[in-house]
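Student: My questions will all concern the structure given below.
Chains as they are written, first to last, in full-length UniProt numbering: chain S, 1 to 313; chain R, 1 to 313; chain F, 1 to 313; chain Z, 1 to 313; chain G, 1 to 313; chain A, 1 to 313.
This is the structure in structure tokens:
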């Protein structure tokens, strides 16, 4: 496979197709309009400036368009920037599609669906099993397509499902090591905890927050969905409240957006698993861009730390 | 009316009926069991010790029983204590009932219902009006009976309804002073914001938290109720989300149990009104027990402050 | 009335008089000096760049000058900017004055004076009444002219007096609802609480902090004024200390600049009223610039929140 | 096996051998000395009072003595207390030893040594392997005997080794799931992270902090040990610094006693694993004492939460 | 000199005169009243219980009375307690006075006055000099008698003056080492910073807070005094504001009761000196009671730390 | 001596030699590369832009090169900037050396060595004396050359030694005033506390953090050095642990990077002295650049305060 933008270093020449992730108009100090565009492919993204743009240019180089760009990778204030020598919109005959430029989860949808389905199949408590299966089926297509966040971790196509699958693997291990954990509650909590993101986020491309996401949040939305679904299915045991509590408390603390702290062991474990998987994902993404013996850029969501990549194998 | 326990000072003789609020068994340093009982009437409560009790005594002087007690008010480590000279269970012929000993709101249920009903009647937005009326009707009997909290403020019979009525009066004033406020949203938010307490709390006497209250909390419970009720009534506009947001955010901050901060003006105002009314209620209760020129006892929910009661009229 | 700058949208042509609020010299990337000016009229303000300026231009287009500008409203990095096509200093024959460009309180000085005077007239405690009247009379002209702050809320001509009038209205309502409040103390606290701002701030135009304001602050300055005035008037009761305490504690907490937390009920209420009125003022100003269905810009003084403007009437 | 003290409920008669965990002299309100003793066996502990004690009694019933006690389990202020009917020191012919009363890890020392040895054997980096093996051998006897803490979690004989074995199992799983983790660093970090506790704590019985533990702490002590050992063994690569960093940062944050936050991925993972294992251990111990449908006592080290034990299987 | 209570260890017999520092009535578990008295002499204090007291006893053994007590030092819950064998009120012929039992500063009033007067004499700025001298003269008798606090540090007769003298010595040293410091401002700040305590505290014996102390605090009171005194003396330069600022900011932070942080160098230095002297005083008092090789009791005002007393000379 | 850059004001012409402190490449809005260079001499530093640079220019004007520059001091966004009219690299015949441009401590190395040596000579405890002398000798050359920090305070050549000498002077004074302080411990703590910076920092010019500095920090490094040195010298008393504790705790709190808070009096004093000397150094540097009657720029390390420089002598 040809090198993508993520594999080019400062000083190298580039001649590649890109998806425009965002495009913002500015006015240069000479009074003329210019565009700041973020160009992305599957391997990463880079900023570029288009100077002296016409109103037509602004339409041609808008977000979600595909373009072919030749230029050179420069370093500007510590961040890479693409100095554009030539740019043109992609043509039908170029044979490129939006999906060619989007990062996707490293597992196929089929693999993920199968893994999750199997986990539900293993459940012994039929109330938990029915609730989980029903909710997953209801939102399955969005669930398989949405990212898990707008930034920080799992912010790629199918990131939500991939995050759930990774967490399920952790959940199985923890349930083996700590046999007092209720496996059904834990699996169900993992599967449902972020499902409200299909309401909270706008979708898999150029992801933003919806109004409902801002005002209610994925946690409250999902707690409501569980309540309504239980009523529809005529399920009434303590399980409904326990699952609602797990979703409610999975951020771990009030100041992190959970109106209740975890108060059952499986809720505490759900929070810990969510935390571990998000952190490892963030760290891997930052360290992939770093050479041994050097430090990553600061990672805001990890206390703004800059991590060291050892030279030792 | 005869003086209640709240009006007796240290050194005075007492001969009164009381409701036992709680009764806890201990073992004295001589190895014999004793009971620590909290005796209450409408004017306040006081601790007393019953020494050398038999197993029968423990049953006779259990919580929620009515007793007649003669004794003297003492001061022990800065708090009043009743030194019991004589105690006996109340008899049918004494003609006293549990309700004689419970503090109640200073307005009658009828007055409160009428005031709230009128406020709903004044609403112009029919979605908000229908939702509010439906939910209030559904839980009206508990709403009129429950306290607003287990302690700190409005912890008396009908405290919840009385808190809502006081807040509605404030809401009307604020809506007059700040005409940009949406009156319907604000009134509805006031009426519904604590209605989930009828699930969260155990009832009007010896109030504790239910399991559901501990695990989900009145905020999440009420947000669900609004969602389900809107669905039942076929209401679909933005109003549903706005009311859910108001209930969700009325504690003002994540660390105070609201998963979202207020993000509409009426939600901010609801939080402020709730805060003011709770604080004034706490302050009045503490200052009522304090003489001019002295300080109240420390009030935990007000940053543990001890307030001064001026001598100036 | 003709449209002001606050009513123009991106893309529209503008031909208006402005007051220059501030003017800062910079050096463009071509090495030539330019000016960044903030242009204001009663409806708002906007940034503009003047390129390649001469030393004379720097004097002509300095702060507090009036200019006539033709140009187009652009958007630069999410904020509006005026692209200047033509600019010239205003001439005497243009007939425009500085006061034409300053936002003022929505009530006239006469109305405000009358309302406050009436509140003082209603006081029953003559010590409080005399102290309040004396201090208000002493600083009346500045009081009626100053803003209540340099930014965030009531930052307009007569903002201080307008803030006091709004708060007095709230105080009256609260005193009606909570009859245990001492009305005289509360009214006097409202009138005096921010009067020290006439020392702390530089004046009504291009408001900044004075050295005294930075080193002592309006709270300590006013507490001293009350003490000195009481001595001059021969007033000696507890009222002096209570009023000093109210001014001292009106920010509510040590970390907000009050060396003592409120320790009398009226002080707590003063803090609450101040808080409500400031927040409502901030919110109204931000929401006025926002369309229904959208979010305001982030408001730093409100926990950096971005508020939603509902589409529901 | 006969029921231990942990399995007796309030009201039951008890006739058991105990180890005295601590014994404190007091003066009763009648002026006579008494002892408060904590009696423990493998299943838990309970407080008891010995009234009117002689100086000889104080010696007979001192900490670390074994006694035979008959009495009844009572509840005093919400905690269980043993009302002593009869007490006598154990005699040689009773055939009981201190070790009969100490809780021990659920794995034998041999099993734990074997598991850890195998993990060291699997290491590929010989510097890490030699350092780890050398340090473990040097302190092996204390390592196998000490608890992991004085309270909160793994506070039993061999708790330190058992904590390490549990964490190694988690480490293997995480290394499988996140293949970018350096397995050798992670295993070594797990084995060494708390080894400094053999200096910090006084030993396996009646564990307290040593002066060195108070003034330097197990983290700094162990970082020194790694440095000195590397010098002795002539090891000089980056591995030494990385292992020192992992030990240094395993508390995760400065305010939790780590002078550096984790700055390599394996250090972050070490902190997370340590956290999970400690929490699960605490939770299991608290929930074991709680009935389904009820809440545990408050757990200080878990934000003072009280956890719910579900009724659902 | 005979050994005082501070020099007796647990188990020793005591036969000493004491001043009763406080006396509180309680009711024993046998229903009879008893007194908890704190007995003090110059070397320390100790708690004792007087059982079965009559109303006359309560008067005889009230606060500020002198008594002769024989008994034994016991340890109760980790704190020393005096087990009273015999107690009687002091008689005129015993020849003991209240001042015999009060701890006093280690310097005489004359020495302290001389040192401070000399420091004022050295000042070069006549405004600062006159203000400082005038205020000190005005409150000199209280200044020489009051403690610096009710507890924690310098809580003895003349503690306020002694604290000022110690700080002046530090100020001189710092002014020598950092010549950019304005010596006059610094000396004056040291002398005046706590002078408001003569209003805030009730006096040198059984010190409590006055109402004015609670509502205004020594900082605001002193800032007012400086302002009024400057007016009386006709002093108008920047010095007045600078001295007010130094007093205002000497607690260093808003949350510690200073409405402004230090904003001139001398104010920052004043805060640092105050801090150092208070801490050293607290530490010396705690370490005096501790044996080498042991830890002090926890010191609340020093982050609740328990300090180690080294065995090394 | 000729005026340095620190003594030039806005608008003045400059013709001076400079050391380039750093040089960063950017791309101007016309697409051409430019350099942002920081030019320093002993009196301060200033930013300048070099437009349209060639690849050769980038090498000529790199960090650590010496240049001659003519130009004018401008003000850009509130900070000074040098508008370059002419620039050329220094030639051998110019006779300028790197050391001519570096700020150095105000005392010579010989004076500092002598002062410190004398302090060690005065010690009475031979263990402390030998340890201190040995460690200082071992790292003397770096100790005399390194700065004490990369920024904020003592960030100049020999800053580390100068900071130690200043602190020793304070230590002597405090030991005189508070005779209970152990002088040997305190002196040794002062001399050793920051010696680990010779590992943590890269050196005296263009100082950055080493990898070891980032991962272990100067505190842990030095604690190890003390341990190893004591072993080499065969020193075994409590002194070793006490000195390690003093170094360990000298940042005062866990959140400031000390894994233990100070737990001996000398450690508390070391922290206070370190704090005072760093703050005075920061303040003097900021106030030197400020005119009387004005405020300094904000000082981040002093709570972001802006200090006032009085007009009073």
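Note that the Cβ used here is the ideal one computed from N, Cα and C, for glycine as well.
List, in chain order, every chain A residue whose beta-carbon is nearer than 7 Å to that of residue 304/S.
Tutor: As a working mapping, residue 304/S is identified with position 304 in the first chain. Going along chain A, no residue has its Cβ under 7 Å from residue 304/S, so there is no contact; the nearest lies around 14 Å.
Student: For the candidate residues 91/A, 51/A, 71/A and 42/A, whose alpha-carbon lies nearest to that of residue 65/A?
Tutor: If you number the sixth chain from 1, residue 65/A lands on position 65. That would be 91/A, whose Cα lies nearest to the Cα of residue 65/A.
Student: Just the Cα atoms here: how many angstroms apart are residue 299/A and residue 276/A?
Tutor: Residue 299/A sits at position 299 when you count from the first residue of the sixth chain. Residue 276/A sits at position 276 when you count from the first residue of the sixth chain. Taking the straight line joining both Cα atoms gives about 15 Å.
Student: With contact counted as at least three CB pairs below 8 Å, one residue from each stretch, are the segment 117-137 of chain A and the segment 188-206 of chain A in contact?
Tutor: Yes, since at least three Cβ pairs between the segment 117-137 of chain A and the segment 188-206 of chain A fall closer than 8 Å, the two stretches touch.
Student: What does DSSP give as the partner residues of residue 25/S in its beta bridges?
Tutor: Start at 1 with the first residue of the first chain, and residue 25/S comes out as number 25. Paired residues: 35/S.
Student: Between residue 1/G and chain R, is there a C-beta pair that is closer than 9 Å?
Tutor: Position 1 of the fifth chain, counted from the start, is the residue given in the question as residue 1/G. With a pLDDT of only 46 at residue 1/G, under 50, the local geometry of the prediction cannot be trusted, and the value read off the model is given with reservation. So no, residue 1/G is outside the interface.
Student: Could you check whether the Cβ of residue 201/F sits closer than 8 Å to any heavy atom belonging to the ligand HEM?
Tutor: Because no ligand of any kind appears in the structure shown, any question about the ligand HEM cannot be addressed here.
Student: What do you reckon, are the CB atoms on residue 45/R and residue 21/R nearer than 9 Å?
Tutor: Counting from one through the second chain, the residue named residue 45/R turns up at place 45. Counting from one through the second chain, the residue named residue 21/R turns up at place 21. In contact: residue 45/R and residue 21/R (Cβ atoms closer than 9 Å).
Student: Listed from N- to C-terminal order along the chain, which residues in the segment 84-97 of chain G have their beta-carbon within a distance smaller than 7 Å of any beta-carbon of chain A?
Tutor: Under the 7 Å Cβ criterion, the segment 84-97 of chain G contributes no residue.
Student: Which residue spans inside the UniProt domain "HD" (163-279) of chain F form an unbroken alpha helix (DSSP H) run of at least 4?
Tutor: Correct list: 183-192, 197-200, 211-215, 217-233 and 238-249.
Student: Do residue 35/Z and residue 67/Z count as a contact pair if the criterion is CB distance below 9 Å?
Tutor: Counted from its first residue, the fourth chain places residue 67/Z at position 67. Counted from its first residue, the fourth chain places residue 35/Z at position 35. Against a cut-off of 9 Å, the Cβ pair of residue 35/Z and residue 67/Z comes out as no contact.
Student: If contacts are defined as beta-carbon pairs under 8 Å, then residue 102/F and residue 157/F qualify, I think. What distance do you get, rounded to the angstrom?
Tutor: Along the third chain, one-based indexing puts residue 102/F at 102. Along the third chain, one-based indexing puts residue 157/F at 157. Going by Cβ atoms, the distance from residue 102/F to residue 157/F rounds to 5 Å, so yes, they are a contact pair.
Student: What distance in whole Å lies between the Cβ atoms of residue 144/A and residue 109/A, which are believed to be in contact at a cut-off of 8 Å?
Tutor: Walking along the sixth chain from the start, residue 109/A turns up at place 109. Walking along the sixth chain from the start, residue 144/A turns up at place 144. Rounded, the Cβ-Cβ distance is 5 Å, consistent with contact.
Student: Look at the alpha carbon of residue 50/G and the alpha carbon of residue 37/G, and state the distance between them as a whole number of angstroms.
Tutor: Taking the first residue of the fifth chain as 1, we reach residue 50/G at position 50. Taking the first residue of the fifth chain as 1, we reach residue 37/G at position 37. Cα-Cα distance, rounded: 8 Å.
Student: Going by CA-CA distance only, name the one from 81/G, 186/G, 208/G and 164/G that's closest to residue 13/G.
Tutor: To locate residue 13/G, count along the fifth chain from 1; it is residue 13. Residue 13/G has its Cα closest to that of 81/G, out of 81/G, 186/G, 208/G and 164/G.
Student: Across which residues does DSSP place residue 73/G in a beta bridge pair?
Tutor: By 1-based counting over the fifth chain, the position of residue 73/G is 73. Paired residues: 82/G.
Student: I want to see whether chain Z comes within less than 9 Å of residue 296/R, judged by CB atoms only; does it?
Tutor: Here residue 296/R refers to the residue found at position 296 of the second chain. So no, residue 296/R is outside the interface.
Student: Please check the pair residue 264/G and residue 310/A, which I expect to be a contact at CB under 8 Å, by giving their CB distance rounded to whole angstroms.
Tutor: Against the fifth chain, residue 264/G aligns to sequence position 264. Against the sixth chain, residue 310/A aligns to sequence position 310. 6 Å between Cβ atoms; contact.
Student: Measuring only the C-alpha atoms, how far is residue 250/A from residue 128/Z?
Tutor: By 1-based counting over the sixth chain, the position of residue 250/A is 250. By 1-based counting over the fourth chain, the position of residue 128/Z is 128. Roughly 32 Å separates the two Cα atoms.
Student: Excluding the 5 residues flanking residue 75/R on each side, which residues of the same chain have their C-beta closer than 6 Å to its C-beta?
Tutor: The count along the second chain starts at 1 and reaches residue 75/R at position 75. Contacts found: 10.
Student: Determine the extent of the alpha helix (DSSP H) in which residue 57/A is found, giving its start and end residues.
Tutor: Along the sixth chain, one-based indexing puts residue 57/A at 57. 55-60 is the span of the alpha helix (DSSP H), which, as asked, contains residue 57/A.
Student: Who does residue 18/A pair with in a DSSP beta bridge?
Tutor: As a working note, residue 18/A is residue 18 in the sixth chain. Paired residues: 67/A.
Student: Give a yes or no on whether the minimum CB-CB distance between residue 195/G and chain R is below 9 Å.
Tutor: Taking the fifth chain and counting its residues from 1, one reaches residue 195/G at position 195. Not one chain R Cβ lies under 9 Å of residue 195/G.
Student: Can you look up residue 13/S in the DSSP assignment and give me helix, strand or coil?
Tutor: Residue mapping note: residue 13/S aligns to position 13 of the first chain, counting from 1. Residue 13/S falls in the strand class under three-state DSSP.
Student: Select from 153/S, 307/S, 181/S and 295/S the residue whose C-alpha is nearest the C-alpha of residue 313/Z.
Tutor: To locate residue 313/Z, count along the fourth chain from 1; it is residue 313. Nearest C-alpha to residue 313/Z: 181/S.
Student: Buried or exposed for residue 202/G, going by 16 or more other Cβ atoms inside 10 Å?
Tutor: Mapped onto the fifth chain, residue 202/G falls at position 202. Under this definition residue 202/G is an exposed residue.
Student: Could you tell me whether any Cβ in chain S is nearer than 9 Å to the Cβ of residue 293/F?
Tutor: Residue 293/F sits at position 293 when you count from the first residue of the third chain. Interface residue, yes.
Student: Using 9 Å as the limit for Cβ to Cβ distance, is residue 252/A near chain Z?
Tutor: On the sixth chain, residue 252/A is found 252 positions in, with the first residue counted as 1. No, its Cβ sits nowhere closer than 9 Å to a Cβ of chain Z.
Student: Can you tell me whether DSSP reads residue 52/R as helix, strand or coil?
Tutor: Counting from one through the second chain, the residue named residue 52/R turns up at place 52. Reduced to three states, the DSSP call for residue 52/R is coil.
Student: Check the Cβ of residue 115/Z against every Cβ in chain S and list those closer than 7 Å, keeping chain order.
Tutor: Within the fourth chain, the letter at position 115 stands for residue 115/Z. The contacting residues do not exist; residue 115/Z stays about 13 Å from chain S at best.
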